[in-house]
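Residue numbers (this note's numbering): 3 to 180. To start, the structure itself, in structure tokens.
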Ligand SMILES: Cc1cc2nc3c(=O)[nH]c(=O)nc-3n(C[C@H](O)[C@H](O)[C@H](O)COP(=O)(O)O)c2cc1C
């Protein structure tokens with residue numbers, strides 16, 4: 003089991019696994035800086051998770067405050083791992099294609115170029131998933147072949163680990179909050 007130093011944790015605009023990810027952050031006491039993409043902030047609000055995350059005593063950044071300093075943080079050794087959880091199919095596609103024009107895709111690119119290990123929890127990992135709306139209704143989602151293809155491509159990037167469920171967040175030994 004690998005133990006990491008400070009973690010950079012990016013929350014993208016995914017309803018699927020949003021609550022489970024925030025449950026993990028709340029219970030595990032992980033020492034991480036949290037970054038919301040613009041959609042991440044909007045979706046976390048709808049799922050009523052923003053106050054929860056902000057109440058954890060961690061540093062929280064939003065894409066509006068912070069656009070592209072990933073280079074400094076990863077190359078400078080400030081972060082020892084990048085986690086993107088939950089990760090939308092939009093972010094996965096950009097990352098897999100080498101696009102780096104959003105907070106999450108830029109961090110993915112810069113972490114990769116600095117050889118910082120990356121852990122990704124995608125929402126669209128199977129041909130059918132059952133998701134839950136902000137009002138609590140269960141709905142089937144059918145990720146497209148392109149979503150699954152981009153995820154497969156991303157999983158072949160050096161240093162990238164694709165997690166298959168929020169439970170897999172537990173397999174890593176994260177640093178605890180001081
Ligand atoms: C309520 C809500 C829930 C969403 N859930 C998901 C999801 O589970 N998976 C996904 O790939 N996109 C989901 N989306 C769509 C993304 O938010 C959208 O593609 C956005 O552009 C992603 O931007 P980001 O990857 O920079 O965070 C959801 C959107 C809304 C409004």
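We put the beta carbon where it would ideally sit given N, CA and C, even for glycine.
Open item on the list: Quick check on residue 12: does DSSP put it in helix, strand or coil?
Closed with: Position 10 of the chain shown, counted from the first residue, corresponds to residue 12. In the structure shown, residue 12 sits in a strand (DSSP, three-state: E or B).
Task: First through last residue of the alpha helix (DSSP H) which encompasses residue 149 - done: Your numbering for residue 149 matches position 147 in the chain shown. Taken as a continuous stretch (DSSP letters only), the alpha helix (DSSP H) holding residue 149 covers 147-157.
Open item on the list: Considering just the uninterrupted stretch of the beta strand (DSSP E) at residue 64, what are its terminal residues?
Closed with: The sequence position of residue 64 within the chain shown is 62, counting from 1. Taken as a continuous stretch (DSSP letters only), the beta strand (DSSP E) holding residue 64 covers 62-64.
Open item on the list: Please state the DSSP three-state secondary structure of residue 3.
Closed with: To locate residue 3, count along the chain shown from 1; it is residue 1. Confidence in residue 3 is poor, its pLDDT being 37 and thus under 50, which makes the residue's placement too unreliable to answer from.
Open item on the list: Below 7 Å, is the gap between the Cβ of residue 48 and the nearest heavy atom of ligand 1?
Closed with: To locate residue 48, count along the chain shown from 1; it is residue 46. Yes.
TODO: Identify whether residue 118 lies in helix, strand or coil by the three-state DSSP scheme.
DONE: The residue labelled residue 118 in the question sits at position 116 within the chain shown. Residue state, collapsed to three classes: coil.
- [ ] Could you check if residue 20 is buried or exposed, using at least 16 other CB atoms within 10 Å of its CB as the buried criterion?
- [x] Position 18 of the chain shown holds residue 20. So residue 20 ends up on the buried side.
Open item on the list: Please report the straight-line C-alpha distance between residue 155 and residue 28, rounded to a whole angstrom.
Closed with: Looking up residue 155 in the chain shown gives position 153. Looking up residue 28 in the chain shown gives position 26. One C-alpha to the other measures close to 31 Å.
Task: Beta-carbon proximity check, residue 124 vs residue 48, cutoff 8 Å - done: What you label residue 124 is simply residue 122 of the chain shown in a count that begins at 1. What you label residue 48 is simply residue 46 of the chain shown in a count that begins at 1. Not in contact: residue 124 and residue 48 (Cβ atoms no closer than 8 Å).
- [ ] Taking residue 86 as the reference, give the member of 118, 143, 129 with the closest Cα.
- [x] Residue 86 sits at position 84 when you count from the first residue of the chain shown. Closest option to residue 86, Cα to Cα, is 118.
- [ ] Along the beta strand (DSSP E) that carries residue 87, what are the first and last residues, could you check?
- [x] Looking up residue 87 in the chain shown gives position 85. First-last of the beta strand (DSSP E) with residue 87: 83-89.
TODO: Return yes when the C-beta of residue 93 is under 7 Å from any heavy atom of ligand 1, and no when it is not.
DONE: Position 91 of the chain shown, counted from the start, is the residue given in the question as residue 93. Residue 93 Cβ: within cutoff of ligand 1.
- [ ] Kindly indicate which residue of 157, 8, 140, 153 has the alpha-carbon position closest to the one of residue 60.
- [x] The sequence position of residue 60 within the chain shown is 58, counting from 1. Residue 8 is the option with its Cα nearest to residue 60.
- [ ] Look up residue 25 in the DSSP assignment and say whether it is helix, strand or coil.
- [x] Reading the chain shown from its first residue, position 23 is the one you call residue 25. Note: residue 25 maps to helix in three-state DSSP.
Task: Residue interval of the beta strand (DSSP E) (run including residue 52) - done: Position 50 of the chain shown, counted from the first residue, corresponds to residue 52. Residue 52 -> not in any beta strand (DSSP E); alpha helix (DSSP H) instead, spanning 52-56.
TODO: Tell whether a beta-carbon distance below 8 Å holds between residue 88 and residue 34.
DONE: Here residue 88 corresponds to residue number 86 of the chain shown, with the count starting at 1. Here residue 34 corresponds to residue number 32 of the chain shown, with the count starting at 1. Cβ distance not < 8 Å, so residue 88 and residue 34 don't count as in contact.
Task: beta-carbon residue 104 near ligand 1 non-hydrogen atom, thresh 7 Å - done: Taking the first residue of the chain shown as position 1, residue 104 is located at position 102. At least one heavy atom of ligand 1 is nearer than 7 Å to the Cβ of residue 104, so yes.
Task: Exposed unless 16 or more other CB atoms sit within 10 angstroms - verdict on residue 152 - done: Indexing the chain shown from 1 puts residue 152 at position 150. Classification of residue 152: buried, given that the 10 Å Cβ count is 16 or more.
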